[in-house]
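Asks: Got a structure for you, written out below as structure tokens; questions coming shortly.
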Amino acid sequence: MGAFEMRLFEAAILLFCCVFQHGQAADHTVFGLCDVGDVISARNGSLVVSKGRDCTRVILAPRGWRIKFTLHEIDMFDAVAFIHDGGTVTGTLKYEQGIRVLLAGSKPIVFYSSSNALLVHTDRISSNGNKFNATFEVLPHPLDKCACLPTVSARTVCSFPPYDDTGRFYQDEDELKKTCKTSCDAGHEIVEKYTSSIGVIDTTSTCSLHLDMPNSVWVTLPPDKAARLFNYPNLISCTKVKPVTRVVSVYTFTYANISCAKLNISVIENGVYNFLVSNRSTSYVGECYKDTLGNCTVRPVLSTCYMPSNRNIYVVKIQIQDNIQMAENETMTRKLFDTLYGNVSANLKNRVQWYVTNDLLANNATAIKFNPLGSDPVIPYTSCPANYATTGQGNNPGNFLQNCISCPLHTYKHFFAILYQSQCQQCSSKKRRLPNESMCVNGTKVYPKPSNVNCLHSCALGKFFNNDSGICDWCDYGYFQNSTTAFNPVCHRCPAGNTTAFVGAGNENDCMHQCRKGQFTKFPSCFDCGIGYFMPYEGNRFPKCYKCPPGNTTLTANGTGCVDQCILGEYFNITQGMCVLCPNNTYQNETTPSNMRSCKMCPTNRVTLSTGAISVDACLGPCSAGQYLNATSRSCKLCPVNTYEDEHRTSFMCKKCPQHKITQNKGSTKISQCIYPCNEGEFFNLTSEACEMCPNNTYQNNIGQGSCKPCTGKMFTLKPGSKGCIAPCNRGEFLNKSAEACENCPVGYFQNETNYLLPMCLACPLDYYTDKLGSHVCTACPEQGITIVTAATVMSACIECGRGYYLNKTLRSCEKCSKGFYQDQQEYRNESCIKCASANLTTLRSGAKSAEECVGYCASLPCLNGGKCTNLDNDFNCTCLEHLGGKQCQAILDYNNADRMEISVRFINLVWNNNLSNPDTRDFMELANRIENAVRGDLKNDTTFRTVKVEKFIRGSVISNLTFNYVAGTVFNNSLDTLTRAAADGKIGDLTVNSSSFKIVNYTCGTPLGMENGRIPDGGITSANEANYHPFSNARLNHNGPGWTPQVNRIEDAFLQIDFQEVVMLTGIATQGSSYQGGNWLESYQFNYSVDGSTWLEYKEETNQPKTD
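Here my numbering is used: the first residue of the sequence shown is 778, the next is one more, and so on.
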């Protein structure tokens, strides 16, 4: 058995075990009416509704057990249920009306099976609303219940009336009964108590087999006669009827001189017997004098020898006996008997006398005297063997035709001599007589126990008699029973290879071919289960197949077990017995109820990245030559370097180049692209397994080669490792030793020789140029132009200066004309510009382009900050305002005390032009001078003002950024205050401004606030204590003499309070020690500030700690 078959087999066995254990569970088990399964073998349980079609459930009890089935509720919308007494719907009695509605709470219907099988059937249950609720229990039939009484020489025949007259099997009351009748064997009669036999007695008895009745109750018919049976109810005895023994005659003979001891009695007996046999009448009807003894039960001739008292003689007594057997024609028998034993007795005597006294020799002598015993003629009487009683009375001719009957168990024969008869009487108390005992002896009377083996039973078709239980049970599967007349019938096995589809088969025709595994039975044929259904058992016990669990199926229509239902991307592997992922380069995009057995191949040259592909889309490729399939990107990629792919296929890697070879690029498509890793000028030496340079006078102009090429003709190489051979260079060429080749002279260079071997061309000299490669001559600059350098490459390298420039041949460039000079020609090649005509004239800027730009020196506004300009020869002089100096009045003489501030203001009456963005333009200089003069006019009385300068103009009418320099005064007032007031009035000088546009852009704050120059008055310096060693005024910086020294009792009162007269920004504090009286100074102090003189705040550093110095 293969692995797959074993797997299915184990699954089937497991299922069978589960069903068996489920059915045999001690607890109450619930079964579905339409569930698939084997017969129900549970001892008790419930049968409830479940969906299905052609639903049949068989309850099969053990042999000898019966089933009590109780229907509690049924409500069928589209079907009815039938209950059958047996294991099949055909040939068994059923509740014919069907059962459709029995509502819950109604009185249940109880059914009793006649034996060990009960069947419930319905055509279909298709609705959830159908109801069916029944319970069952199987009950054992007591082994001794309705057991048959023991018999002697008789047989008891029993039958089971199967059903009542209503056509229904036992409903609501168990009416199963067993009826038996006992009959004696041929030649036997039933013995009565205290009387002789009366012949045939009706022994018919009935016993109820009701399951709810624990004991047997036999009812006999008729009861009066049955009670007369000798041993009833313990034993029914039929005794053998034997012919009576008739003593015909008794004779005595006397022998002279022969004693009894010497007399041979057997000779006498044999002689007399043979004489009577040979002389018997043709009408003889006895038993003992035939040619063979037959039914003779006595010794025909019995002789005894004795010596009578007071006689000196020996007497032989001969007793002649015979049996007579009653024949069917009793009248003829009696007639013959009378003739033989009644009328001819005297003749018989004479014959015996003559024979004994004349012919019979005993010890060589005959009898000498013959004496008949008793009166003459002799009256015959009847006699029976020991413990046999006669069947009649008296010795009159009408009664002597009697038989002998054997006395039953525990009885003995009592002979009544007066009546010439005997009777069987029961042994007295505490005595018994067994069949082999001749008389009653001390002991207990023991009778055989009732048992079913004492009876012969007839059963219905399909049933056999179960001796153990005493009832008829249904034949099991594979057996049948086809007789209703056979006693104690047994089931017959179906022919080889056949079985039955149900229990209780009543004919061999019910046997059918045994269904294989994977089939179900629908008599008389076997059918395959169908896909998704399976049957793990052989035989015909299942009318349906099991349905595979969800997610499972069968491989064929005749499946014996379930397997997994394969999903997309899988196929069923028969060898492994399981669903397996499709291998690489295959896919499966379909499923079937019976599982696909294989996967589909990907199209040519297409592959999958993994197993279990579910679509042809998972088949990737094909890739072109020079490509491979990249698993990560799921796309074709170029072969990596050192590999190639020369086939149009799809693979996950490219072919490796041969040993020592590489590829230059990705995507190589043929092996020839695998080359040695050598550069041009090299070859691969297989011996050294390395690239080596080509020897002299050889070359290699390709990469990756295994050899070098020799130079031809006059060609040569300069060194090993050449990429080509060199020929002498022509005009316009030079020898590039690095490239090992003649190359064209670059632009700007020339060479005018043949067979040239120098490594470079000549540069075009100054004032020459060439703009071509491979030139053998240079071209002169036109119109005596010059070049700045040699090797000029274009004609434009020949210089020509424009207006305002001159040619500086030293620097070989065009330079701007200096101030005081100009140049007004476009193509100018002279080396100097033209000087202004007068010594006191100059130009305002360098690069002047005409004589009109020659003006006086002061015209260029050289004096700054309001300085007055005076023209001098080749110069100018500036007269500066107070506190200013320098050539152009640009220096602030007291600059160390000056602060700087940058403001922005918009002049709304000025018009913008683009020249204002360039400080070098005349427009910029003139407008800047105008604005600066207007500011100086407003600040002419401000002693702290020093300079003002326009830094730039911005579009927006005209916005000007101005920079002020000013110094501290003796009062708290500066240039900014004056300008702020002027701007607020909308005028600075004669220029109109936008008052809201005035703002400070930047400023410095380093000007002393007045402790040194007196700007802060002495009244602004106070303290908490007026008593000081030196006055407050001594606290000023650079004061001559001792400094301020407080006189206080508390350190908290040692402070100096400065009033700046207005809110100021304090950026630093300077302290100064004093050399007075040996020197003293301040070591540390704390700084507080206030804006109202009342609320003081302590100045702290960024660490939030008080600042002390």
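We put the CB at the ideal spot given by N, CA and C, even for glycine.
Am I right that A963 and F909 are in contact with their C-beta atoms under 8 Å? What's the rounded C-beta distance?
Replies: Going by Cβ atoms, the distance from A963 to F909 rounds to 57 Å, so no, they are not a contact pair.
Asks: Count the other C-beta atoms from every protein chain shown that fall within 10 angstroms of the C-beta of Q1824, then say buried if there are 16 or more, exposed otherwise.
Replies: exposed
Asks: Give the range of the alpha helix (DSSP H) segment to which R1707 is assigned.
Replies: Looking at the DSSP string, the run of the alpha helix (DSSP H) that includes R1707 is R1699 to D1715.
Asks: Using the Cα positions of T1069 and K1017, report the straight-line distance between them to the nearest angstrom.
Replies: 22 Å
Asks: Could you have a look at E1803 and say whether DSSP puts it in helix, strand or coil?
Replies: coil
Asks: Counting only beta-carbon atoms, is C935 nearer than 9 Å to chain B?
Replies: The question asks about chain B, but that chain is absent: this structure has only one protein chain.
Asks: So, for N1362: in the same chain, excluding its five sequence neighbours on each side, which residues have a beta-carbon less than 8 Å away from its beta-carbon?
Replies: Around N1362: M1378, C1379, R1383, V1384, T1385 and C1396.
Asks: Buried or exposed, going by whether 16 or more other CB atoms sit within 10 Å of the CB of A1676?
Replies: Position check: residue 1676 holds Asp in this sequence, whereas Ala was assumed. By the neighbour-count rule (16 or more Cβ atoms within 10 Å), D1676 is buried.
Asks: Is the beta carbon of N1802 sitting closer than 9 Å to the one on A1831?
Replies: yes
Asks: Can you tell me the Cα-Cα spacing of N1582 and V1571, whole angstroms?
Replies: The question names Asn, yet the displayed sequence has Tyr at residue 1582. So the alpha carbons of these two residues sit roughly 22 Å apart.
Asks: Measuring CB to CB, does Q1441 end up less than 9 Å from I1452?
Replies: yes
Asks: Count the other CB atoms within 10 Å of the CB of I1708; is the residue buried (16 or more) or exposed (fewer)?
Replies: buried
Asks: Take the Cβ of W842 as the centre, count every other Cβ of all protein chains shown within 10 Å, and call the residue buried at 16 or more, exposed below.
Replies: With 16 or more Cβ atoms within 10 Å of its Cβ, W842 is classed as buried.
Asks: Could you give the C-beta distance for T1337 and K1294, rounded to a whole number, given that I count them as a contact under 8 Å?
Replies: 4 Å
Asks: Does the region 1696–1715 come close enough to the region 1764–1771 to have 3 or more Cβ pairs within less than 8 Å?
Replies: yes
Asks: For V1044 versus L1138, is the C-beta distance shorter than 9 Å?
Replies: yes
Asks: Please classify R1723: is it buried, with 16 or more other beta-carbons within 10 angstroms of its beta-carbon, or exposed?
Replies: buried
Asks: In this structure, how does DSSP classify A1278 when only helix, strand and coil are distinguished?
Replies: coil
Asks: Given that a residue counts as buried once 16 or more other Cβ atoms are within 10 Å of its Cβ, and exposed if not, what is M990?
Replies: Taking all protein chains in view, the Cβ of M990 is surrounded by fewer than 16 other Cβ atoms within 10 Å, so the residue is classified as exposed.
Asks: What's the gap between the Cα of D949 and the Cα of P1327?
Replies: Annotation: D949 to P1327 spans about 43 Å, alpha carbon to alpha carbon.
Asks: Given that a residue counts as buried once 16 or more other Cβ atoms are within 10 Å of its Cβ, and exposed if not, what is I1090?
Replies: exposed
Asks: For L824, does the count of other Cβ atoms within 10 angstroms reach 16, so buried, or fall short, so exposed?
Replies: buried
Asks: Output the distance between the C-alpha atoms of L1512 and N1532, rounded to the nearest integer angstrom.
Replies: 10 Å
Asks: Which residue or residues does DSSP assign as beta-bridge partners of F1461?
Replies: The bridge partners DSSP lists for F1461 are C1468.
Asks: Let me check one thing: in DSSP terms, what residues is C1082 bridge-paired to?
Replies: V1093
Asks: Judging by CA-CA distance, which residue of C1201, A1516 and C1271 is the nearest neighbour of M1216?
Replies: C1201
Asks: For M1678, which beta-bridge partners are listed by DSSP?
Replies: F1741 and Y1780
Asks: Is P1162 near the ligand SAH, going by C-beta to nearest heavy atom under 8 Å?
Replies: Ligands are entirely absent from the displayed structure, and the ligand SAH is therefore not among its contents.
Asks: Shortest alpha-carbon distance to N1889 belongs to which of Y1476, L1463 and K1443?
Replies: Here the chain comprises residues numbered 778 to 1886, so residue 1889 is not present and cannot be evaluated.
Asks: Spatial neighbours of S1199 within its chain, please: C-beta separation below 8 Å, excluding the five flanking residues on both sides.
Replies: Cβ within range, chain order: C1161, Y1165, A1166, T1167, K1190, H1191, F1192 and F1193.
Asks: Given R877, which residues of its chain have a CB within under 6 Å of its CB, disregarding the five upstream and five downstream residues?
Replies: M853 and V857
Asks: Going by C-alpha distance, which of S1734, N1686 and S1752 is nearest K1717?
Replies: S1752
Asks: Nearest-angstrom Cα distance between C1519 and N1507?
Replies: 8 Å
Asks: Write down every uninterrupted run of the beta strand (DSSP E) in the region 1503–1537 whose length is 3 residues or greater and which is fully enclosed by it, in chain order.
Replies: 1510–1513 and 1518–1521
Asks: Between the C-alpha atoms of C1657 and C1666, what's the straight-line distance to the nearest angstrom?
Replies: 5 Å
Asks: Within this structure, are the beta carbons of L1638 and M1702 separated by less than 9 Å?
Replies: yes
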